[in-house]
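Peer 1:
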Amino acid sequence: MASLTTVIFILSLIALAKTRYKLLYVITFGIVLILGSNLTQGFQHGLLTPIEGYGGFRNEYFNDAVEIENPLHFLSSYIDIQPNLLPHSRTHPPGAILLFYYLSKLLTKPAMISIIITVISVVAHAYYLWKLFCNELKNESIAGYSTFLFLLLPAIQIYFSASIDALIGACLLGVLYHFFHSQSNFGLLAAILLLMLASFMSFGSLFIVPVIFAYEFLEKRSIRRSFYLAAATGLLYLLLFSTTGFNYAQSFIIAAKLENPYGPWLLARPLVYTATRFEGLFELVLFYGPFLGLITIRGLKENMASSKLKKITLVGVACLALMLLLGVYREGETARAAIFIYPYLIFPVGIYLKDHPISLGERNILAATIFLQTILMQMVGNYFW
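For the sequence shown, the working numbering gives the first residue as 31, with consecutive numbering after it.
#1: Whole angstroms is fine: what's the gap from K52's alpha carbon to G66's?
#2: Out of curiosity, what's the CA-to-CA distance linking Y382 and T326?
#3: With distances taken between CB atoms, is the gap from N93 to P117 smaller than 8 angstroms?
#4: Measuring CA to CA, which of T304, F163, L78, L296 is closest to I5?
#5: In chain order, what residues of the same chain have a beta carbon less than 6 angstroms from the beta carbon of G76, not counting five sequence neighbours either side?
#6: What do you reckon, are the CB atoms on R13 and G174 nearer than 8 angstroms?
#7: So is G293 buried or exposed if we call it buried at 16+ other beta carbons inside 10 Å?
#8: To test your reading of the DSSP string, which unbroken alpha helix (DSSP H) runs of 4 or more residues are found completely within the stretch 38-100?
#9: What are the boundary residues of the alpha helix (DSSP H) that F210 is part of?
#10: How is the alpha helix (DSSP H) around V358 delimited, first residue to last?
#11: Between which two residues does the alpha helix (DSSP H) harbouring T273 extend?
#12: Just checking, does the stretch 233-249 make contact with the stretch 200-218 on the three C-beta pairs under 8 angstroms criterion?
#13: List the whole-angstrom C-beta distance separating M231 from I194, where the pair is believed to meet the contact cut-off of C-beta under 8 angstroms.
#14: Roughly how many angstroms lie between the CA atoms of A279 and S151, to the nearest whole one?
#15: Going by the beta-carbon positions, is the gap between F209 and L266 smaller than 8 angstroms?
#16: Which residues in the same chain as F130 place their Cβ atom closer than 6 angstroms to its Cβ, once the five residues preceding and following it in sequence are excluded?
#17: Cutting at 6 angstroms between CB atoms, please list the residues of its own chain near F104, excluding the five before and the five after it.
#18: How many angstroms separate the CA atom of A228 from the CA atom of P123?
#19: With a Cβ-Cβ cutoff of 8 angstroms, do L310 and Y359 count as a contact?
#20: Just list the alpha helix (DSSP H) runs in the stretch 225-253, keeping only unbroken ones of 4 residues or longer that don't cross its boundaries, in chain order.
#21: Which first and last residues belong to the alpha helix (DSSP H) in which L396 is found?
#22: Please report the straight-line C-alpha distance between A45 and L356, rounded to a whole angstrom.
Listed below in structure tokens is the structure:
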């Protein structure tokens, strides 16, 4: 399967060059390559295990979801049952499990769930990323190529198939786009709904809140729209509480206690805290890759004081760094759970490529080095547990 996927990758380079990296072709090849690279691990480990587990290791959202008899009762009693859920589920809001409940009812086959998650994640990420690049760079070819590079990243290739974090990342990227590049009421409404959806699946989605507050203040010396976004989302959760009894804040506290039973890692387990912080950083860099990492650094050094994407990158990285310092994310999960950060890292790549154009041959070499790392990682490791 690795050989076939490599052939498809070569064909994608030829086709995308001829079409000047049109978005539709970028999305199509992105989906095929992600499914193909995951199938290098075999059908079971590539598409099934990330959804339903394998053998005695069945700790996924899907395993809790299939036990639900009444979704409304599940939501209303979530606070009581949360500590008894499987390890992945109990540190998340109920939306993660409910999503798999409805997907399992709709699709029945775990493999189909993996494929649907892949398709939705790729389409949403590619569309929003491409639009953000086009708005800033005014160059559809570079926007398409930069989006294609994003879809080749090891983190994206490995975790966009079957991982709910890919869907969460898509929602958060949508919040970013609608909030900053659509000043209409519809844009604000779309951002509110996407933030509600993302935060209902993961507490880590709250990452986006300080990002939008900080960026709006830096850009406009105002936090008016950010306040509207946060307040409206809070009101929706109050409405949910009044109708179902689900208390988001209480669920967050329970999840925090389950994740850190001994209290803050820095105080309770300082050595583990220090080791896992370095491990998390290494993991983020590994799943991003050294080649684009260097270009990202160069892109950030570009003298573009007015660049919105550069400011967003710096704010996003700063907010994630703060989360890591607070002890968020344990060992072996940072690249997956924080997959929402990778669009922020790819923004400076597009900036750099616009100011320093490279030839078609150089474009293909860069893409090939990224995809080669992905294939090698897929062949030697298993990244779901």
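Cβ coordinates follow ideal geometry from the N, Cα and C atoms, glycine included. This one's a predicted model, so the numbers in the text were calculated from it and none came from an experiment.
Peer 2: In short:
#1: 21 angstroms
#2: 8 angstroms
#3: no
#4: The chain is shown only over 31 to 415; residue 5 falls outside these bounds and no answer can be derived.
#5: N68, L69
#6: Residue 13 cannot be examined here, being either before or after the span of the chain that is shown, 31 to 415.
#7: exposed
#8: 53-69, 79-82, 91-95
#9: 194-211
#10: Unbroken run through V358: none, as it is neither H nor E.
#11: 254-274
#12: yes
#13: 6 angstroms
#14: 28 angstroms
#15: no
#16: Y91, F92, A95
#17: I98
#18: 10 angstroms
#19: The displayed chain sequence assigns Gly, not Leu, to residue 310. In contact: G310 and Y359 (Cβ atoms closer than 8 angstroms).
#20: 238-250
#21: 390-410
#22: 45 angstroms
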